[in-house]
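For what it's worth, our numbering labels the leading residue of the sequence shown as 685, then goes sequentially.
Beta carbons are placed, not taken as given, at the ideal position from N, Cα and C, and that holds for glycine.
This structure is a prediction, so every number in the text was calculated from the model and none was measured.
Since the structure comes first, as structure tokens, the remarks are kept for the end.
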Amino acid sequence: MSAGQISAELTEAERVRILAKTARFNPPEVQTADGRRELVGLDRAEITAELAAIGEPAFRAKQLWHWIYHQGVTDFSVMSSIARPLQEKLAERFVIGRPVASVVQTSTDETRKFLFRFRDGQEAETVYIPDRVADRGAVCISSQVGCTLSCRFCHTGTQTLVRNLGAAEIVGQFMAARDSYGEWPSPHGETPRLLSTIVLMGMGEPLYNYDNVAKAMKICMDGEGIGLSRRRITLSTSGVVPMMDRCGEELAVNLAVSLHAVRDDLRDEIVPLNRKYPIKELIAACRRYPAASNARRITFEYVMLKGVNDSEADAHELIRLIAGIPAKVNLIPFNPWPGSPYETSTQDSINRFAEIVMDAGFSSPVRQPRGRDILAACGQLKTESRR
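If you want it as structure tokens, here you go:
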């Protein structure tokens, strides 16, 4: 057996271990108090099976899919292509729901943050970040209630992992945001005017909830429904290496990697996951990522912490690490939160860091903080949910 085969087998074993470990945090089955089944979050085959169980033919699944994901309706009675007796039959057994926005805040810069409450009372935050210049924006979606990674610069990391979000709760965040902006039906062959992009950069580590995230994103990418291109979906990970491979093989969405340090000793401290998957393994997984190309570069996210990771030497080492990878570097000024142990790098330090990286041929935009006044900026999300 070759070394490559051994490595592949170990990687698969690690994937199984990760999924088994996180399974205990899986969400409850989505049903209403009166026992009706939630249709949002079911894939086409599951909707077909649910309809077959009540004696309805397969073509009804396509009709429902269109109404739920293209038209964005939540009421069976407005489904004009379905006869009223069947509308009533469906309403008796099923529901088309959304997470409830218990709090909605809008920043002075027009960033909007939703505190969504799910059926079991747990909550997660979702942020819409508008791009005024391009007249569109990104919906920053959460994948978990809380987080297990405890990155030291991140407010979410101070909240213990409560549970994974289900596929219905993940795709439901995007659908509820669309409701808020009146962006139905889903455009075909054009970019939505406002909600044009999904970034899985909210609360939680998406690759520790891979099955639910993947199912939700496949629904979002379905051309007969929401219809987002995989190029308009970015998944951000702190570096769950075995699941990065699977994500690349099965979803091939854009990849963003929360790097934040270029030495293992420092990354061990600020991104504790590094102790399991050190920088060398993480960068190797980035080089393997199948969707990476000059047209679809991997984004390395790098939060700028004053006196911690913002030196010229750090910038030069970053260049060495990512050499040969189709990549760009997002420099993120640290966004303070109550009790945070760090300060934001000076503007001079950030500018010099960006200049060094750009001179090496990598785009290195400095992310403009958005929604700081409502704690909606990168690294500031947290809820009061408890396990």
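ask   = Leaving out the 5 sequence neighbours to the left and right, which residues in its chain are closer than 6 Å to S1033 when beta-carbon positions are compared?
value = Only D994 meet the Cβ criterion.
task = Within the same chain, show all residues whose beta-carbon is closer than 6 Å to that of E1027, passing over the 5 residues directly before and after it, in chain order.
result = The answer, listed in chain order, is K990.
request  = Rounded to whole angstroms, what's the CA-CA distance from S880 to T795? Just pull it up for me.
outcome  = Going by the C-alpha atoms only, they are around 15 Å apart.
ask   = Would DSSP call D819 helix, strand or coil?
value = Residue state, collapsed to three classes: coil.
request  = Please classify A969: is it buried, with 16 or more other beta-carbons within 10 angstroms of its beta-carbon, or exposed?
outcome  = Under this definition A969 is a buried residue.
F743, buried or exposed, once every other Cβ within 10 Å from all chains shown has been counted against 16 = Flag for F743 reads exposed.
ask   = By Cβ distance, which residues of its chain are closer than 7 Å to V855, with the 5 residues on each side in sequence left out?
value = Result list for V855: V724, G725, A900, I903 and C904, in chain order.
message = Between D929, E853 and V955, which has its C-alpha nearest H839's C-alpha?
response = V955 is the residue among D929, E853 and V955 whose C-alpha sits nearest the C-alpha of H839.
request  = Kindly indicate the opening and closing residues of the alpha helix (DSSP H) around Y894.
outcome  = Here the alpha helix (DSSP H) through Y894 covers Y894 to M905.
ask   = How many Å lie between T706 and R768 at the Cα?
value = If you take the alpha carbons of T706 and R768, they lie about 43 Å apart.
CB contact below 8 Å: F709 versus chain C = Although the question refers to chain C, the structure presented lacks it and comprises just one protein chain.
task = With DSSP as the reference, please indicate the residues paired to R847 in a beta bridge.
result = Partner(s): V829.
message = Buried or exposed for I738, going by 16 or more other Cβ atoms inside 10 Å?
response = Exposed.
inquiry  = Let's see if you can read the secondary structure: which residues bound the beta strand (DSSP E) around T983?
reply    = Following the DSSP letters along the chain, one finds T983 inside the beta strand (DSSP E) bounded by residues I982 to M988.
ask   = Distance, Cα to Cα, V784 vs F802?
value = Looking at the two C-alpha atoms, the distance is approximately 7 Å.
request  = Kindly provide the ranges of any beta strand (DSSP E) runs that are 3 or more residues long and lie completely inside the stretch 705-793, ordered along the chain.
outcome  = Segments of the beta strand (DSSP E) lying fully in the stretch 705-793: 784-790.
key: Between the CA atoms of V946 and E996 - distance to the nearest angstrom   = One C-alpha to the other measures close to 12 Å.
message = So the candidates are N938, A851 and A1038; which of them puts its Cα closest to the Cα of D998?
response = Checked all of N938, A851 and A1038; the closest Cα to D998 is A1038.
ask   = Count the other CB atoms within 10 Å of the CB of A704; is the residue buried (16 or more) or exposed (fewer)?
value = Under this definition A704 is an exposed residue.
task = Alpha carbon to alpha carbon, how far is E1001 from V787? Give it in angstroms, no decimals.
result = Those two C-alpha atoms are separated by around 43 Å.
request  = Give a yes or no on contact between the stretch 885-893 and the stretch 816-835, applying the rule of three or more CB pairs nearer than 8 Å.
outcome  = Contact between the stretch 885-893 and the stretch 816-835 is established, with three or more Cβ pairs separated by less than 8 Å.
key: Contiguous beta strand (DSSP E) assignments of at least 3 residues, all confined to the stretch 980-1035   = Here the runs fully enclosed are 982-988 and 1011-1017.
key: Proximity to D948 [Cα-Cα], best of N958, V941, V811 and L939   = Comparing alpha carbon positions, the residue from N958, V941, V811 and L939 closest to D948 is N958.
request  = For the beta strand (DSSP E) containing R801, list its first residue and its last residue.
outcome  = Unbroken beta strand (DSSP E) run through R801: R796 to R801.
ask   = DSSP beta-bridge partners for N938?
value = DSSP lists T918 as the beta-bridge partner residues of N938.
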